[in-house]
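S.K.: In the UniProt record's numbering, the protein residues as written are 1 to 342. Backbone N, C-alpha and C define an ideal beta-carbon position, used for all residues, glycine too. A quick note: this is a predicted structure, and the numbers were derived from the prediction, not measured.
1. Could you spell out where the beta strand (DSSP E) holding residue 129 opens and where it closes?
2. On a CA-only basis, which of 81, 157, 178 is nearest residue 141? Give me that one, please.
3. For residue 184, decide whether its Cβ has a neighbour in chain D, counting only Cβ atoms nearer than 7 Å.
4. Distance, Cα to Cα, residue 159 vs residue 319?
5. For residue 204, count the other beta carbons within 10 Å of its own beta carbon; 16 or more makes it buried, fewer makes it exposed. Which is it?
6. Are residue 290 and residue 224 close, meaning C-beta to C-beta below 7 Å?
7. Going by CA-CA distance only, name the one from 220, 238, 280 that's closest to residue 108.
8. Rounding to the nearest angstrom, what Cα-Cα distance links residue 285 and residue 152 in this structure?
9. What are the complete alpha helix (DSSP H) segments, minimum 4 residues, inside the segment 152-228?
10. Between the segment 131-148 and the segment 160-175, can you find at least three pairs of beta-carbon atoms closer than 8 Å?
11. In angstroms, rounded to a whole number, what distance separates the CA positions of residue 134 and residue 68?
12. Taking the Cβ atom as the reference point for each residue, do residue 398 and residue 105 lie within a distance shorter than 7 Å?
13. With residue 99 and residue 89 assumed to form a contact (beta carbons below 8 Å), what rounded beta-carbon distance in angstroms separates them?
14. Does DSSP put residue 336 in a helix, a strand or coil?
15. Just to check my reading of the structure: residue 121 and residue 250 have Cβ atoms closer than 8 Å, yes? What is that Cβ distance to the nearest angstrom?
16. Using a Cβ-Cβ cutoff of less than 6 Å, which residues in the same chain neighbour residue 247 once the five nearest sequence positions on both sides are dropped?
17. DSSP has residue 75 in a bridge; who is on the other side?
18. Grouping DSSP H, G and I as helix and E and B as strand, with all else coil, what is residue 247?
19. I'd like to know if the segment 287-305 and the segment 248-268 are in contact, where contact means that at least 3 CB-CB pairs between them fall below 8 Å.
20. Pull up the distance between the alpha-carbon of residue 40 and that of residue 229, whole angstroms please.
21. Along the chain, which unbroken stretches of the alpha helix (DSSP H) at least 4 residues long are found entirely within the segment 251-279?
22. Closest by CA to residue 340, which one among 323, 73, 299, 47?
23. Rounded to a whole number of angstroms, what is the C-alpha to C-alpha distance between residue 70 and residue 185?
24. Leaving out five residues before and five after residue 227 in sequence, what residues of the same chain have Cβ atoms less than 7 Å from its Cβ?
25. Quick check: what's the CA-CA separation for residue 183 versus residue 154?
26. Per the DSSP calculation, residue 51 is bridged to which residue(s)?
27. Any heavy atom of the ligand PLP closer than 6 Å to the beta-carbon of residue 150?
28. Would residue 217 and residue 242 qualify as a contact pair, given that the criterion is a beta-carbon distance under 7 Å?
29. How far does the beta strand (DSSP E) with residue 325 in it extend, from its first residue to its last?
Rendered as structure tokens:
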């Protein structure tokens, strides 16, 4: 098997993304290589959280690994936090990576430098935050990897700033969209999955999320990862990041912006126009999916051709849900290493 996998890796990473949909055997081989058992986080915390002014934010971030190693930036989603990578970071650090795991705007210890800055959750703003962090930390290039909001942010960075990316790992694939795309109606069964997006479009939804933030987040965790048996301590550790004073405003704006119910900032308009064209991603990429992802996600055959460089898709089996890096940390870390060095 190892000989077959090595042969597959040499051959597959030399072809374009368009071949993935046609080669189900390739997908099966990738699955055999990356399949890993689900596990709860075994590391209690990251210890010290660092803080640095970058762009419009003071960013809180965890760091692991050698300071002179190749950089991997790991990006969490909603309603999760940096502890989604608490078991991924040691694996990458042991492999020699300098691992940077920032709290996104509206989470944890990340906060705005000015009370006058709009609490804007639009996708381009989040990507600019990470570029600003890279600039401040003097990081020229990094592997960018994430899930949920973090995957979308990583996709945007890879599409708009490919010169800053060593490689990309994106759970659920190509998630770049636009307000125009978000306005298109979906079949009823698909709309049902986005129930919380429509809830957040109302004032009742905003008030409800503000009042029941932790309860809401726990429900999303269960729906998005129906086979993940996380305990209360695991949830509470991450839910603390949702107590950020700007979290509700950022969350509500993000989902309302997607529906065209809230405006973005003028300074991001040109970036959003580029993203609305659904640009190709040329950097080496691995996309991933858990076989039990209960959150809305596209079929991999739909987005395969959006990746024009070295590309692989991996299905992680065993009941793995939406929070793939926390549920299958070995598989996620391996994807980062393989995307960077295949």
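M.R.: Reading off the structure:
1. From DSSP, residue 129 is part of no beta strand (DSSP E) but of the alpha helix (DSSP H) over 123-136.
2. Closest option to residue 141, Cα to Cα, is 157.
3. The chain labelled as chain D is not found in the depicted structure, where only one protein chain is given.
4. Cα-Cα distance, rounded: 31 Å.
5. Counting Cβ neighbours within 10 Å, residue 204 comes out exposed, since fewer than 16 surround it.
6. Their beta carbons are not under 7 Å apart, which means residue 290 does not touch residue 224 by this criterion.
7. The residue with the shortest Cα to Cα distance from residue 108 is 238.
8. Approximately 13 Å, taken between the alpha carbons.
9. DSSP runs (the alpha helix (DSSP H)) wholly in the segment 152-228: 179-182, 188-193, 195-200, 203-211, 213-224.
10. Judged by Cβ distances under 8 Å, the segment 160-175 makes contact with the segment 131-148, as three or more pairs qualify.
11. The alpha-carbon atoms of residue 134 and residue 68 are separated by roughly 14 Å.
12. The structure shown has nothing for residue 398, since the chain only spans 1 to 342.
13. Contact holds; Cβ gap of about 5 Å.
14. Helix.
15. Between the beta-carbon of residue 121 and that of residue 250 there is about 4 Å, and that keeps the pair under the 8 Å contact cut.
16. In the same chain as residue 247, and ignoring 5 residues on each side of it, the C-beta atoms closer than 6 Å to its own belong to 106, in chain order.
17. Paired residue(s): 146.
18. Three-state DSSP puts residue 247 in a helix.
19. Contact annotation: the segment 287-305 does not touch the segment 248-268, with fewer than three C-beta pairs closer than 8 Å.
20. Legend: pLDDT at residue 40 = 44, less than 50; position of this residue unreliable, no value from coordinates given.
21. Annotation: the segment 251-279 contains the following complete segments of the alpha helix (DSSP H) (minimum length 4 residues), in chain order: 269-276.
22. Out of 323, 73, 299, 47, 73 has the C-alpha closest to the C-alpha of residue 340.
23. Computed Cα separation, rounded: 43 Å.
24. Closer than 7 Å at Cβ, skipping near neighbours: 292, 319, 321.
25. Looking at the two C-alpha atoms, the distance is approximately 23 Å.
26. For residue 51, the beta-bridge partners assigned by DSSP are 60.
27. Absence of the ligand PLP from the depicted structure is noted, as is the absence of any ligand whatsoever, leaving it without description.
28. For residue 217 and residue 242, yes; Cβs fall inside 7 Å.
29. First-last for residue 325: 324-327, but that is the alpha helix (DSSP H), not the beta strand (DSSP E).
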